[in-house]
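Chemist: Got a structure here, written out as structure tokens. Questions coming.
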Amino acid sequence: MSGWTPGPEYPPEPPRPPAKPGVSSKTAAPAIDFTDGEWHRLHPATPLLKGGLALIVIIGIFLNSAREQLVEFFLPGPDGRRGGQSDDPVGYAVDHGLLLFVVLGIVALLVVIVAIFYVSWRMNTFRVTADTVEVRSGVFFRTNRRARLDRIQGINVQRQLFARIFGAAKLEINQAGNDANVPLAYLRSASAEEVRSEILRRASGRAESEREAAGRAQPGIAQPAGASGVLEKRLNEFLAEPLGEGETEPRSVVRMHLGRLIGSAVLSGFTLFLVAIIVAVVVSIVTTGEYFLLFVFFPTLLGSFSYYSRRVVKSLRYSIASTPDGIRIGWGLLSTSNETLPPGRVHSIRLSQPLAWRPFGWWEVKINRASHSSTKGADNQANTTILPVGSKEDVTRVLELILPQLVGLSAAEADAAEALAAGHTTAEDVVAAQPELAVEKSSETLSLIEAGMTSSGDEGGFTNSPRRAAVLRWFSWRRNGFREAPGAVLLRKGAIWRQLIVVPLPRVQSVGITQGPLLRRLGLAALQFHTVQGPITASIGALDQAQAAEFFETSAAHAVGAARADQTHRWLEGVGDAPSTSGQQWPAPDPSFRRVDGETS
Amino acid sequence: MTDRLDLDGASWTRISPKYKWPEMASYALSGLVLAGVSAFTWFTGQWWGYALTAGILVVTILLVAFTPRRVRSIGYQLRDDDLLVRRGIFFLRFVAVPYGRMQLIDVNRGPVVRALGLSDLKFVTAAAASAVTIPGVPAAEADRLRDKLVELAETRRAGL
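Chains as they are written, first to last, in my numbering: chain A, 293 to 893; chain B, -15 to 144.
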């Protein structure tokens, strides 16, 4: 966060845990390097941040009720001891000569609590090795969780208000699945950034030699020293960009306006719901003369205000930017969180526009993703919303960040494989041409998406439902359509509540086609693209049976090809090596499709 | 009525016809139990109590009667790059699962199915909606199929 300075100075490195067998006790590192493959402890203030707040409260309560006695003890009044305060527990204890025991008891309790927190902090260690991140925790029940780096779905750096005061941050490594996150709570703010960038660097499969070149002496600041070769140079250009390294906030490509945020919240479906309730309550009061519904409704009203305010406050400092390790999305005003999604971790994208947003041209962008971050936004926004509200231009900018890695590369790869098989080109040419091809492909997809946002009928190359589907899709049969774009499937739905679902082919888990009795009578069929669970269900109904069957076959075949070409689990593998001849490895990505606002840097 | 949905050039491997027996038995049993429970409504002396029971019995008989056709409709096909599974007569469903997308394969054998020498195969992908199962495969065939699919998934491994 800009203008945010770290809190208290991080004390010198805590005593290392006793050397584990097989772990060399490398010492004398000037700065703490959390990613050297050895076990490390978390921020010493962790016990305080995690639960120690209660401790302060207990002490506070005690001091508050013992205030009079303390004052008297240190400043004895002329009257000596006052008696008869037996309603006050402290007074009672003093009167009965139990003060010593009470104080001893409380001190002992505090010592025990502090000891427990201290021991749990001592026992909570983590290490980051070349392939895994591993956390050990627990005192009586030991837990050891190890996560593979190439399966990372995202890394979240959270700074709760209280933690921010201490200059601490919680790092959360998200893996696919429920309760599959690896939390590192808490680290010093800057360390969290360093650990994140180092983990992502390793997960990306970037070459080891580059890491040496980046200079271990200044962790977190990638200083190209002695880098050679065009590929490394290109890479270092990225790394040199001040994108969230240290305390600098990456440049957001979308600006949030307060007016637009408030407008979008007020014009949301929730407001319709609220208005419906108000109308129902007013009608019932007028007709029956009973007021009890008002009391039932009152909490809802209060709740709605908090819903609106949370939505607005949460999104107020929303930012989205591109970093060498994926898209970074930041949220929050007081408690902030920012999340890095490595390339290709988006399983489907939905652009949607409720009717009330149409006059303003606003859109919302949501995604499906495999991991479940523990950060909850307003209606879980932080998890799945990547653009709470934005104009068409904002949507374009956001998609420009996501698409190249998601659909561009696999589309380019598929094309290249075809050309190779046909013998039109050589492997070296393919590798050399791929970044440009990927940009080209993704911009093609993007233009198709833009065309599909508001179009209907066969505009933009979509195949829409036939006329006979109007029975099922009264208003939207013209709009209800699909088409394949390079590396993705586009599903266009809804005449009133406009939606455009983008399913990247490399992320499709399976494809389904269904037909119930009604659809069968009409000669229609429905298509489903199964992706990981999330707010988006990529399905489209009421399509012509023959067209749907054909699309089912082609998209199923293309999904297989795209999955094979997909390299995003090691998204920068091969960078820094000589271009390989296999056609499977990737050269350094071209800056032009990494950064939208390339001219600013 | 137009032609039903079908995919061209598909040669389906059908599951064992024996699988209709456990299916019919389970429909008949659950239908009878429901009918038995609904019989308590007879004590109200209302006409709809009898109608309810009769309705349940009719639906049960229809379900049982269609079970052999439904079981015949279940089929699968190992294509070059994906497994294609279909099922249903009224509610048709085709699903294509690329081999590389299979996260795990279950072979389940309940007591009745085992008595008939069959196994149920269940495929799990990262998407819960895939819900691909092939019930009633002869046990030896099921094991062979599983091994083959695991091997295929291994050679075509993809990320999530």
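Positions of the beta carbon are idealized from the N, C-alpha and C atoms, including for glycine.
(1) Which residues in the same chain have their Cβ closer than 7 Å to the Cβ of A:Gln510, if we skip the five residues on either side of it in sequence?
(2) Is the shortest distance between the beta-carbon of B:Gly29 and the beta-carbons of chain A less than 8 Å?
(3) Report all residues from its chain with a CB closer than 6 Å to the CB of B:Arg90; omit the five preceding and five following residues, and keep chain order.
(4) Closer than 8 Å by C-beta to B:Ser(-5): which residues in its own chain qualify, once you throw out the five before and the five after it? Chain order, please.
(5) Can you name, in chain order, every residue of its own chain whose Cβ lies under 7 Å from the Cβ of B:Ala137, other than the five neighbours on each side?
(6) Look at the alpha carbon of A:Asn436 and the alpha carbon of A:Pro646, and state the distance between them as a whole number of angstroms.
(7) How would you label B:Thr44, buried or exposed, when you count the other beta carbons within 10 angstroms and need 16 or more for buried?
(8) Please state whether DSSP places B:Asp104 in a helix, a strand or coil.
(9) Which runs of the alpha helix (DSSP H) spanning at least 4 residues fall entirely within the stretch 696 to 758 of chain A, listed in chain order?
(10) Looking at the structure shown, is A:Asn356 part of a helix, part of a strand, or coil, going by DSSP?
(11) According to a CB-to-CB cut-off of less than 7 Å, which residues of the stretch 787 to 802 of chain A neighbour chain B?
(12) Please check if any C-beta of chain A sits within less than 8 Å of the C-beta of B:Arg140.
(13) Taking DSSP's pairing of strands, which residues face A:Trp789 in a bridge?
(14) Is A:Asp707 close to chain B, meaning its C-beta is less than 8 Å from at least one C-beta of that chain?
(15) Of all the residues that make up the stretch 820 to 831 of chain A, which are near chain B by a beta-carbon distance shorter than 8 Å?
(16) Using a Cβ distance threshold of 8 Å, determine whether the stretch 383 to 401 of chain A contacts the stretch 416 to 425 of chain A, with at least three qualifying pairs required.
(17) Hey, how far is the Cα of B:Ala49 from the Cα of A:Leu593?
(18) Looking at the structure shown, is A:Ser560 part of a helix, part of a strand, or coil, going by DSSP?
(19) By Cβ distance below 6 Å, which residues in the same chain neighbour A:Glu705 in space, the five residues on each side in sequence not counted?
(20) Using only the alpha-carbon positions, how far apart do B:Val97 and B:Lys4 sit?
(21) Would you mind listing the alpha helix (DSSP H) stretches within the stretch 46 to 102 of chain B that are 4+ residues and don't spill past its ends, in chain order?
(22) Where does A:Glu692 land, buried or exposed, given buried means 16+ other C-beta within 10 angstroms?
(23) If contacts are defined as beta-carbon pairs under 8 Å, then A:Arg642 and A:Ile793 qualify, I think. What distance do you get, rounded to the angstrom?
(24) Go ahead and label B:Lys132 buried or exposed: buried means 16 or more other beta carbons lie within 10 angstroms of its beta carbon, across all protein chains shown.
(25) So for A:Trp655, helix, strand or coil by DSSP?
(26) So, helix, strand or coil for A:Glu582, using DSSP?
(27) Which residues in chain B sit within 9 Å of A:Pro680, going by Cβ to Cβ distance?
(28) Determine the direct distance from the alpha carbon of A:Phe432 to that of A:Ser496, and round the result to whole angstroms.
(29) Do the stretch 596 to 609 of chain A and the stretch 752 to 763 of chain A touch if we need at least three Cβ pairs shorter than 8 Å?
(30) For A:Pro796, write down the residues that DSSP places opposite it in a beta bridge.
(31) Near A:Ala268, what residues of its chain come up, given a Cβ to Cβ distance below 7 Å and the 5 sequence neighbours on each side ignored?
(32) Where do the ends of the alpha helix (DSSP H) carrying A:Pro616 lie?
(33) Is it the case that the Cβ atoms of A:Ala460 and A:Leu626 are separated by a distance below 8 Å?
(34) Looking only at DSSP bridge pairs, what is A:Trp623 linked to?
(35) What does the Cβ neighbour count give for B:Glu135, buried or exposed, with the cut at 16 atoms within 10 Å?
(36) Examine chain B for any beta-carbon lying closer than 8 Å to the beta-carbon of A:Arg812, and answer yes or no.
Modeler: Taking the geometry as given:
(1) Mapped onto the first sequence, residue 510 of chain A falls at position 218. Legend: pLDDT at A:Gln510 = 39, less than 50; position of this residue unreliable, no value from coordinates given.
(2) Taking the first residue of the second sequence as 1, we reach residue 29 of chain B at position 45. So no, B:Gly29 is outside the interface.
(3) For the purposes of this step, residue 90 of chain B is taken as the residue at position 106 of the second sequence. For the sequence presented, residue 90 of chain B should be read as Asp rather than Arg. So the qualifying residues of the chain are Lys106.
(4) Reading the second sequence from its first residue, position 11 is the one you call residue -5 of chain B. Cβ neighbours of B:Ser(-5) beyond the five flanking positions: Gln61.
(5) Counting from one through the second sequence, the residue named residue 137 of chain B turns up at place 153. Closer than 7 Å at the Cβ level, and outside the excluded window around B:Ala137, lie Tyr83, Gly84, Met86.
(6) Here residue 436 of chain A refers to the residue found at position 144 when the first sequence is read from its first residue. Here residue 646 of chain A refers to the residue found at position 354 when the first sequence is read from its first residue. Going from the Cα of A:Asn436 to the Cα of A:Pro646 covers about 46 Å.
(7) Looking up residue 44 of chain B in the second sequence gives position 60. Result: buried.
(8) Counted from its first residue, the second sequence places residue 104 of chain B at position 120. Strand at B:Asp104.
(9) 701 to 714, 719 to 746
(10) Indexing the first sequence from 1 puts residue 356 of chain A at position 64. A:Asn356 falls in the helix class under three-state DSSP.
(11) Gln801, Ser802
(12) Working through the second sequence from its first residue, we reach residue 140 of chain B at position 156. Judged by the 8 Å Cβ criterion, B:Arg140 is in contact with chain A.
(13) In the first sequence, the residue the question calls residue 789 of chain A occupies position 497. Answer is none; A:Trp789 lacks a bridge partner.
(14) Position 415 of the first sequence, counting from 1, holds the residue named residue 707 of chain A. Answer no: the Cβ-Cβ gap between A:Asp707 and chain B never drops below 8 Å.
(15) Gln820, His822, Thr823, Val824, Gln825, Thr829
(16) no
(17) Reading the second sequence from its first residue, position 65 is the one you call residue 49 of chain B. Reading the first sequence from its first residue, position 301 is the one you call residue 593 of chain A. Using only the alpha carbons, I get a separation of about 54 Å.
(18) Within the first sequence, residue 560 of chain A is the residue found at index 268, counting from 1. A:Ser560 falls in the coil class under three-state DSSP.
(19) Counting from one through the first sequence, the residue named residue 705 of chain A turns up at place 413. Cβ within range, chain order: Ala857.
(20) To locate residue 97 of chain B, count along the second sequence from 1; it is residue 113. To locate residue 4 of chain B, count along the second sequence from 1; it is residue 20. For B:Val97 and B:Lys4, the distance between alpha carbons rounds to 10 Å.
(21) 95 to 99
(22) To locate residue 692 of chain A, count along the first sequence from 1; it is residue 400. Buried.
(23) Here residue 642 of chain A corresponds to residue number 350 of the first sequence, with the count starting at 1. Here residue 793 of chain A corresponds to residue number 501 of the first sequence, with the count starting at 1. About 5 Å separates the two Cβ atoms, so the contact holds.
(24) By 1-based counting over the second sequence, the position of residue 132 of chain B is 148. It is exposed - the Cβ of B:Lys132 has fewer than 16 other Cβ atoms within 10 Å.
(25) In the first sequence, residue 655 of chain A corresponds to position 363, counting from 1. Residue state, collapsed to three classes: strand.
(26) One-based indexing of the first sequence puts residue 582 of chain A at position 290. Here A:Glu582 sits in coil by DSSP.
(27) Translated into the one-based positions of the first sequence, residue 680 of chain A becomes position 388. Within chain B, no residue comes near A:Pro680; the closest Cβ sits about 26 Å away, beyond 9 Å.
(28) Residue mapping note: residue 496 of chain A aligns to position 204 of the first sequence, counting from 1. Residue mapping note: residue 432 of chain A aligns to position 140 of the first sequence, counting from 1. Their backbone Cα atoms lie some 36 Å apart in a straight line.
(29) no
(30) Taking the first residue of the first sequence as 1, we reach residue 796 of chain A at position 504. For A:Pro796, which the question treats as bridged, DSSP gives the partners A:Ala780.
(31) Any answer about residue 268 of chain A is impossible in this case: the structure gives chain A only from 293 up to 893.
(32) Position 324 of the first sequence, counted from the first residue, corresponds to residue 616 of chain A. No alpha helix (DSSP H) holds A:Pro616; DSSP gives it neither H nor E.
(33) Within the first sequence, numbered from 1, the residue matching residue 460 of chain A stands at position 168. Within the first sequence, numbered from 1, the residue matching residue 626 of chain A stands at position 334. Contact: no.
(34) Start at 1 with the first residue of the first sequence, and residue 623 of chain A comes out as number 331. Beta-bridge pairing links A:Trp623 to A:Ser629.
(35) What you label residue 135 of chain B is simply residue 151 of the second sequence in a count that begins at 1. By the neighbour-count rule (16 or more Cβ atoms within 10 Å), B:Glu135 is not buried but exposed.
(36) Here residue 812 of chain A corresponds to residue number 520 of the first sequence, with the count starting at 1. Yes, A:Arg812 counts as interfacial toward chain B.
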